[in-house]
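Those sequence lines, one after another, are chains S and B. If you're matching positions, the first sequence starts at 27 in our numbering and goes up one per residue. If you're matching positions, the second sequence starts at 400 in our numbering and goes up one per residue.
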Amino acid sequence: MYFFERITKFDRRIIFLVIGLSVILPLLFRVDMPVDVTQEVKNVYDRIDELPEGSIIVLPCEYAPDTMAELEPMLFAVLRHCFRKNIRVIGCGFFVTGVTLVEQELRQIAKEEGKVYGKDYIFLGYRPYPAVVIMSMGQDFRQSFPEDYYGTPLDSLPMMKNVKNYKDTKLVLTINATSGVDYWIIYGHERYGFPLAIGVTAVMAADYYSYLNSGQIVGIIGGLKGAAEYEKLIGQGDLATMGMNIQSFVHLVIVLFIVIGNVGYLMTRKKRKGLE
Amino acid sequence: MKRQLPIAITFILGFVLTLQYFIPHRSFEIVYEVTNIWLQIIGFFAMILGILSLVMLHWDKIQYKKTNWGYSIVTLVSLVGITLVGVIGTEESPAFNWLYNYILAPISATMFALLAFFIASAAYRAFRARTIIATILLLAAIIVMMGRVPIGSIISFGIFPKLSDILLNYPNVAAKRAILMGVGLGAAATGLKVMLGIERSYMGSD
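In structure tokens:
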């Protein structure tokens, strides 16, 4: 078979093998690559960094284990930043298969940073119909969440004293892999005017640049790259920084395959035209 | 009456809730608060309907041994099993967390991880510069893919990230904004049609 035709028809098992190797090898031979911080991630970092001690932020996390590789490092970095600045966190989740995961992650970082439940952070848990819950939280958090995830009435948690709704918080940062981001923009930010930042998967990020451009959102942490940037800003490289090496090689390999496929396609087409 | 009553309710609620958005008066705030509570109650009943519909659909498949009826057994057993574990145990129940951590989480993470392999294979086969438009799409994809990873910055001396930012901030925003405006106007028009009873498909056919 003609060489250029052959390179357009690689067996898919070869592609799978090369992708597999480009994931495994950077794990075995760690190469630290420099991560450049983008303005949209720095905006989120700065907004949290400028908050006075004791401020409260709302941190709705709507993702499940399928997108955890991208969003868990993001949540970890944001939580570490908040807890180190003594910023208190109201966590919640409107994605049914992600609630247990988010609760475990929140508890893990709080434990690492020596934070106390009820005083430094709380977890409201899950309620269905995010749009409705977002709107009702604007009236009073207790309307949708009279009790927290563990069944404790909100009024008995020290952190929630004198905290009624978004007006008593400084920022809403949603870490989200669902269309829930749109709900936060439409039913949350537009209705109640709170500052909103978002952390989304890389594939979703492009959809929200228009909101960033119009000033409706403070900043975007996009995908694993955004999480790695945030880790760089807090000075603690972790899962995302390690993941960037893998992602770098996988992206490079995919691009090489696309280029090889196209070189083969163009040369074959040229030859066919020459024969005609 | 069967038709007029839903149309009347839709019109009144639609009209009042649209109005309250523009009138910052306490009475309208109360209307808003009350409807928010109603929405949650209605949502709860909708969930019951959803579960009943799911059970009936899969029960029917099992009863008449329709195609892939075995999967319906898995669905129903999972539905009942996880509900019982969740209801009987507490939310911190080890059994519930075990099911979550060792069954649900690995299954969904594995399914998503497989995508990388299929996307690579599909991109290699389908991403071809067949036309000018396809070539532009291909180049944009390569620039953004390489611009979003550190290695792209290293091999291009920082050019890929800059080009990627330009693509995301200008052509992407322009196109997305136009789409959003279209969607917004379309949604407003459809909302108006529903309120005025012109669009009645939500009531189902008789």
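Where a beta carbon is used, it is the ideal one built from N, C-alpha and C, also for glycine.
* Asked: What's the gap between the Cα of methionine 544(B) and the Cα of alanine 515(B)?
  -> Taking C-alpha positions only, methionine 544(B) is separated from alanine 515(B) by approximately 13 Å.
* Can you list, in chain order, the residues of its chain whose CB lies under 7 Å from that of valine 276(S), leaving out five sequence neighbours each side? -> Ile45, Ser48 and Val49
* Asked: Interface residues of chain B around arginine 38(S) at Cβ under 7 Å?
  -> Ser520, listed in chain order.
* Asked: Secondary structure at arginine 39(S), three-state DSSP: helix, strand or coil?
  -> helix
* Helix, strand or coil for proline 110(S), going by three-state DSSP, please let me know. => Looking at the sequence provided, one finds arginine at residue 110(S) rather than proline. Here arginine 110(S) sits in helix by DSSP.
* Go ahead and pull the three-state DSSP assignment for valine 115(S). => strand
* To do: Give a yes or no on contact between the region 71-78 of chain S and the region 278-296 of chain S, applying the rule of three or more CB pairs nearer than 8 Å.
  => no
* To do: Grab me the residues of methionine 59(S)'s own chain with a C-beta within less than 8 Å of its C-beta, minus the 5 sequence neighbours each way, in chain order.
  => Met270, Asn271 and Ser274
* How big is the Cα-Cα spacing for valine 122(S) and phenylalanine 29(S)? -> Near 51 Å, if we compare the C-alpha coordinates of phenylalanine 29(S) and valine 122(S).
* **aspartate 174(S) versus glutamate 139(S) - alpha carbon distance** => Aspartate 174(S) and glutamate 139(S): Cα-Cα distance of roughly 21 Å.
* To do: Examine the Cβ distances between the region 260-267 of chain S and the region 98-111 of chain S and report whether three or more of them are shorter than 8 Å.
  => yes
* To do: Return yes when the Cβ of valine 229(S) is within less than 8 Å of the Cβ of asparagine 202(S), no when it is not.
  => It is not a contact, given that the beta carbons lie outside the stated cut-off.
* Asked: Tell me which same chain residues have a C-beta within less than 6 Å of the C-beta of leucine 475(B), skipping the five on either side of it?
  -> Non-local C-beta neighbours of leucine 475(B) in its own chain, meaning closer than 6 Å and more than five positions away in sequence, comprise His457, ordered along the chain.
* Asked: Does the distance from the C-beta atom of phenylalanine 559(B) to that of glycine 546(B) stay below 8 Å?
  -> yes
* Asked: If you draw a straight line from the C-alpha of arginine 402(B) to the C-alpha of tyrosine 155(S), how long is it?
  -> Answer to the nearest angstrom: the Cα atoms are 27 Å apart.
* Would you check if the distance between the CB atom of asparagine 596(B) and the CB atom of phenylalanine 410(B) is smaller than 8 Å? => The sequence shown places glycine at residue 596(B), rather than the asparagine named in the question. Yes, Cβ-Cβ distance for glycine 596(B) and phenylalanine 410(B) is below 8 Å.
* Asked: For leucine 453(B), which of Ala512(B), Ile472(B) and Pro493(B) has the nearest alpha-carbon?
  -> Ile472(B)
* Between lysine 111(S) and aspartate 75(S), is the Cβ-Cβ spacing less than 8 Å? -> yes
* Asked: Which residues, in chain order, does the region 57-88 of chain S contribute to contact with chain B at a C-beta distance below 8 Å?
  -> Met59, Pro60, Val61, Asp62 and Thr64
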